[in-house]
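What follows is a set of notes on a single structure, which appears directly below.
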Amino acid sequence: MNIAAYLQIIKGTWAQYMMYRLNFVMWRVRMVMQLLITYFLWLAIFGQQEQFFGYTQSMILTYVLLTSIMRTVVLGTTTMEIGDLINQGNLSNYLVKPVHFFNYYAARDIADKALNLFFAAFEFAILFIILRPPIFVQTDPLYLGLSAVSVLLGAVLYFYFSMILGFLGFWTPDVWGPRFISFVVMEFFAGSLFPLDILPRALFVLSQALPFSYFIYFPIKVYMGQLSLPVVIQGTSIGVLWVAGLWYLAMLLWRRGLKAYTAEGK
């Protein structure tokens, strides 16, 4: 593995973001506004209540604030451009690079996540100083370690999920339609707006049968210590199986897609 090559990819990705500073700034503004809307909505829902759906105000506000970090670490990705690369015939430029296509985008994703995480941490600190929310802080080293593992699991899982959606470009020019629909479904079942366990039982069971809960809900629940150790181990094991399954599907679509790829485009 040529580490220097991947470092250059990371630096190049950062340079690309700095070329379009306004786009990046507006993206961060959007993330902050979405966080504030969700935060004040839950603050209003609680009112004078001490508990709601089995959550204290401290726990639900912790969940809401952590979703902004989780969105950055897990859902931040550059793979959304893959479908357009294929449709426009620009994929050929990447096939001749001295790094595997998957590894190339993994490096770009690391750059994307690192840059966004830096700004997300800064924004979180400012909001914490202004709002002074009563949040829960996990101090158990075991659960902190398990949280880190679950976040990494969610990031890898979303990486392959997003690549699979991009590979649809090998067979159809309409790549944004399926991605938009999947994003709406994913946002709901990932728990990005509220904890999934407040859903009716049938919907909650359905959410646990999908990979989306590992993007946001599962890592935050692990951090907050609301899952027992056996449940965390079981959930992590299932998540690993999801990663293996999506990796296999992504590789299968990649190989078959290359056979159908004609390098046509602009």
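Sequence positions in the sequence shown follow our numbering and run 8 to 273. Note that CB positions come from ideal geometry on N, CA and C, so glycine has one too.
* Contacting residues, own chain, Cβ-Cβ under 7 angstroms from Ile17 (five flanking each side not counted) -> As a position in the sequence shown, residue 17 is number 10, starting the count at 1. Once the five neighbours on either side are set aside, the close Cβ partners of Ile17 are Ala114, Ile117, Ala118.
* Asked: CA-CA distance, Gly19 and Gly152?
  -> Walking along the sequence shown from the start, residue 19 turns up at place 12. Walking along the sequence shown from the start, residue 152 turns up at place 145. When rounded, the distance between both Cα atoms is 31 angstroms.
* **Beta-carbon proximity list for Val81, same chain, < 6 angstroms, skipping 5 on both sides** => Residue mapping note: residue 81 aligns to position 74 of the sequence shown, counting from 1. Around Val81: Gly161, Ala162, Tyr165, Phe222.
* **4 or more residues per run - each alpha helix (DSSP H) lying fully within the region 192-268** => 208-215, 224-230, 236-267
* If you draw a straight line from the alpha carbon of Val144 to that of Met231, how long is it in whole angstroms? -> Along the sequence shown, one-based indexing puts residue 144 at 137. Along the sequence shown, one-based indexing puts residue 231 at 224. C-alpha separation (whole angstroms): 8 angstroms.
* To do: State yes or no: is the C-beta of Leu124 within less than 8 angstroms of the C-beta of Thr74?
  => Numbered from 1 along the sequence shown, position 117 holds the residue referred to as residue 124. Numbered from 1 along the sequence shown, position 67 holds the residue referred to as residue 74. The answer is no: Cβ separation not under 8 angstroms.
* Taking the alpha-carbon positions, what's the Gln23 to Gln56 distance? -> Looking up residue 23 in the sequence shown gives position 16. Looking up residue 56 in the sequence shown gives position 49. Roughly 47 angstroms between the two C-alpha positions.
* To do: Output the distance between the C-alpha atoms of Leu92 and Ile142, rounded to the nearest integer angstrom.
  => Along the sequence shown, one-based indexing puts residue 92 at 85. Along the sequence shown, one-based indexing puts residue 142 at 135. Approximately 43 angstroms, taken between the alpha carbons.
* Asked: What's the call for Pro148, buried or exposed, on a 16-neighbour Cβ count within 10 Å?
  -> Residue numbering aside, residue 148 sits at position 141 when the sequence shown is read from its first letter. It is exposed - the Cβ of Pro148 has fewer than 16 other Cβ atoms within 10 Å.
* Asked: When DSSP labels each residue in this structure, what does Phe31 get in the three-state scheme?
  -> Start at 1 with the first residue of the sequence shown, and residue 31 comes out as number 24. Three-state DSSP puts Phe31 in a helix.
* To do: Would you list the one or two residues that DSSP bridges to Phe59?
  => Along the sequence shown, read from residue 1 onward, the residue named residue 59 stands at position 52. Its beta-bridge partners are Tyr62.
* **Trp183 - DSSP class collapsed to helix/strand/coil** => In the sequence shown, the residue the question calls residue 183 occupies position 176. DSSP places Trp183 in helix when its eight states are reduced to three.
* To do: Please report the residue range of the alpha helix (DSSP H) in which Lys120 lies.
  => On the sequence shown, position 113 is the one that residue 120 refers to. Residues 108-138.
* With a threshold of 16 other CB atoms inside 10 Å of the CB of Thr85, please say whether the residue is buried or exposed. => The sequence position of residue 85 within the sequence shown is 78, counting from 1. It counts as buried.
* **Sufficient close CB pairs (3 or more, under 8 angstroms) joining the region 212-226 to the region 121-139** => no
* To do: May I ask you to report which of helix, strand or coil DSSP gives Gln41?
  => Working through the sequence shown from its first residue, we reach residue 41 at position 34. The answer is helix: DSSP assigns Gln41 an H, G or I state.
* Given Ile52, which residues of its chain have a CB within under 7 angstroms of its CB, disregarding the five upstream and five downstream residues? -> The residue given as residue 52 occupies position 45 in the sequence shown. Closer than 7 angstroms at the Cβ level, and outside the excluded window around Ile52, lie Phe59.
* Asked: Below 8 angstroms between beta carbons: does that hold for Ile205 and Leu260?
  -> Taking the sequence shown and counting its residues from 1, one reaches residue 205 at position 198. Taking the sequence shown and counting its residues from 1, one reaches residue 260 at position 253. The answer is no: Cβ separation not under 8 angstroms.
* **Beta-carbon spacing of Pro218, Trp249 below 8 angstroms** => Taking the sequence shown and counting its residues from 1, one reaches residue 218 at position 211. Taking the sequence shown and counting its residues from 1, one reaches residue 249 at position 242. Contact: yes.
* Can you give the Cα-Cα distance for Ile28 and Asn110, rounded to whole angstroms? -> Taking the sequence shown and counting its residues from 1, the one referred to as residue 28 is at position 21. Taking the sequence shown and counting its residues from 1, the one referred to as residue 110 is at position 103. The sequence shown places Arg at residue 28, rather than the Ile named in the question. Using only the alpha carbons, I get a separation of about 26 angstroms.
* **Contact check, Gly90 vs Val191, beta carbons under 8 angstroms** => Residue 90 sits at position 83 when you count from the first residue of the sequence shown. Residue 191 sits at position 184 when you count from the first residue of the sequence shown. The answer is no: Cβ separation not under 8 angstroms.
* **Among Arg139, Leu200, Gly184, Tyr101, the one whose alpha carbon lies nearest that of Gln41** => As a working note, residue 41 is residue 34 in the sequence shown. Ranking the options by Cα distance to Gln41, first place goes to Leu200.
* Nearest neighbour of Gln64, chosen from Pro180, Leu48, Ile76 [CA to CA] -> Against the sequence shown, residue 64 aligns to sequence position 57. For Gln64, the nearest C-alpha among the options comes from Leu48.
* To the nearest whole angstrom, what separates the beta carbons of Phe177 and Ala267, a pair I think is in contact under 8 angstroms? -> Position 170 of the sequence shown holds residue 177. Position 260 of the sequence shown holds residue 267. Yes, they are in contact, since the Cβ atoms of Phe177 and Ala267 sit about 5 angstroms apart, within 8 angstroms.
* Run the CB neighbour count on Gly242, radius 10 Å, all protein chains shown included, and call it buried at 16 or more, exposed below. => Indexing the sequence shown from 1 puts residue 242 at position 235. Buried.
* Asked: Do you know offhand how far Arg186's Cα is from Met193's?
  -> Counting from 1 along the sequence shown, the entry for residue 186 is found at position 179. Counting from 1 along the sequence shown, the entry for residue 193 is found at position 186. Taking the straight line joining both Cα atoms gives about 10 angstroms.
* Since Val229 contacts Tyr101 with CB under 8 angstroms, what's their CB separation in whole angstroms? -> Position 222 of the sequence shown, counted from the start, is the residue given in the question as residue 229. Position 94 of the sequence shown, counted from the start, is the residue given in the question as residue 101. So it is not a contact: roughly 36 angstroms between Cβ atoms.
* Might you give, ordered along the chain, the residues of its own chain that have their beta carbon closer than 8 angstroms to the beta carbon of Leu68, omitting 5 neighbours on each side? => Position 61 of the sequence shown holds residue 68. These residues qualify, in order along the chain: Tyr46, Trp49, Leu50, Pro140, Pro141, Ile142.
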